[in-house]
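Please read the structure below before turning to the comments.
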Amino acid sequence: MSYQYSISLKKKFLFAFSILFIAQMFAFAPVRASTRDSQLWTLMNAIGPINKQHRKIRYWLEIQERIGENISQLSQMLLRPGLGYELWPTTTIWLGYDRIYTAQPFSNPPVNENRIWQQLLWSKEYTRFRLTARSRLEERFIERTIHTAWRYRQLFKTSIFIPKHPKYAAVFSDEVFFHLNDFNLQRNQGFDQNRLFVGLGYRTSKNSTIEIGYLNQMIKRVNNPDYRGNYLSMALLLSE
């Protein structure tokens, strides 16, 4: 009887251990990354001189909120302050800082990121359109990542004024991102992502413009399928 009881106890112990082991495997298994999503991206960007006496020294303040998982939860939030200097009426150089929170579908578990950035911004308005080019270098300090991630991004944008309706413009932009190094023990170097925007701009006043449209994002992922997103983008742009 004692021997049979011992065998029965061992079987129960092995069964319980097996259940716990399998549960632990599922608990720590990596969550499969989402490959598609619909989101709402909102942005407010204010640019201007720090005061009337020093108009060449300029401030940059940007706030972004990105609602993902089919517009059901916060996926990313970004705060971006910066200082710039006007080299010429069309050209400014900038230095700034980002604080970013990122969650699903871009990161699981959520991560915080601190980022330093430098950029060259060129913008010129012609009779019928405005052209903008922005070159930005980023040093990214990502939570739970063991290396600094260096990234370069290049934006080209055009706003074509609609005849007889000067307050309205058709807006097109494309921004491409490149990782400049491998980080977090992965082969990240090279193409990172692309963002293509098509929309409508409305100049509400001399110093403010609203842009609403469609944004397509494609992200190249390491060891996971690439990600594609379709977004409604809404931006308030303030400038002096």
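First residue of the sequence shown? That's -14 in the working numbering, and the numbers climb one at a time after it.
Even for Gly, the Cβ is constructed at its ideal location relative to N, Cα and C.
What span of residues does the beta strand (DSSP E) with residue i cover, start to end?
i: Phe146; result: 134 to 147
i: Ala88; result: That residue, Ala88, is in no beta strand (DSSP E); it is neither H nor E in DSSP.
i: Ser57; result: No beta strand (DSSP E) contains Ser57, which DSSP labels as neither H nor E.
i: Asp211; result: Element bounds for Asp211: n/a, residue is neither H nor E.
i: Leu185; result: 175 to 190
According to DSSP, is residue i helix, strand or coil?
i: Ile197; result: strand
i: Asp159; result: strand
i: Lys41; result: coil
i: Ser108; result: strand
i: Leu165; result: coil
i: Ser23; result: strand
i: Ile127; result: strand
i: Glu225; result: coil
i: Ile35; result: coil
i: Met219; result: strand
i: Arg51; result: strand
i: Gln202; result: strand
i: Leu170; result: coil
So, at 8 angstroms on beta carbons, what are the nonlocal neighbours of residue i in its own chain, with the 5 sequence-adjacent residues on each side left out?
i: Glu225; result: Ile32, Gly33, Pro34, Asn192
i: Trp45; result: Asn30, Ala31, Ile32, Arg65, Pro66, Gly67, Leu68, Gly69, Trp79, Gly81
Based on the DSSP output, what are the partners of residue i in its beta bridges?
i: Glu71; result: Thr77
i: Asn97; result: Tyr86
i: Phe114; result: Ile145
i: Pro151; result: According to DSSP, which records beta bridges pairwise, Pro151 is partnered with nothing at all.
i: Ser120; result: Leu105, Gln139
Once you ignore the five residues that flank residue i on each side, which residues in its own chain have a CB closer than 6 angstroms to its CB?
i: Glu123; result: Arg100, Trp102, Arg136
i: Gly186; result: Ser144, Ala154, Val156, Thr194, Glu196
i: Arg121; result: Trp102, Gln104, Arg138
i: Gly106; result: It is Leu, not Gly, that sits at residue 106 in the sequence shown. Here the set comprises Thr77, Arg119.
i: Arg188; result: Lys152, Thr194
i: Thr117; result: Ser108, Lys142
i: Leu222; result: Asn30, Thr194
Using a Cβ-Cβ cutoff of less than 7 angstroms, which residues in the same chain neighbour residue i once the five nearest sequence positions on both sides are dropped?
i: Asp22; result: Gly53, Glu54, Asn55, Pro90, Gly214
i: Tyr86; result: Gln61, Met62, Pro95, Asn97
i: Lys41; result: Tyr70, Glu71
i: His150; result: none
Within 9 angstroms (strictly less), CB to CB, does residue i reach chain C?
i: Pro90; result: The structure shown contains no chain C; it holds only a single protein chain.
Are the segment 182 to 198 and the segment 138 to 157 in contact at 8 angstroms, needing three or more beta carbon pairs? yes
Segment contact flag, the segment 129 to 136 with the segment 109 to 120, C-beta cutoff 8 angstroms, min 3 pairs: no
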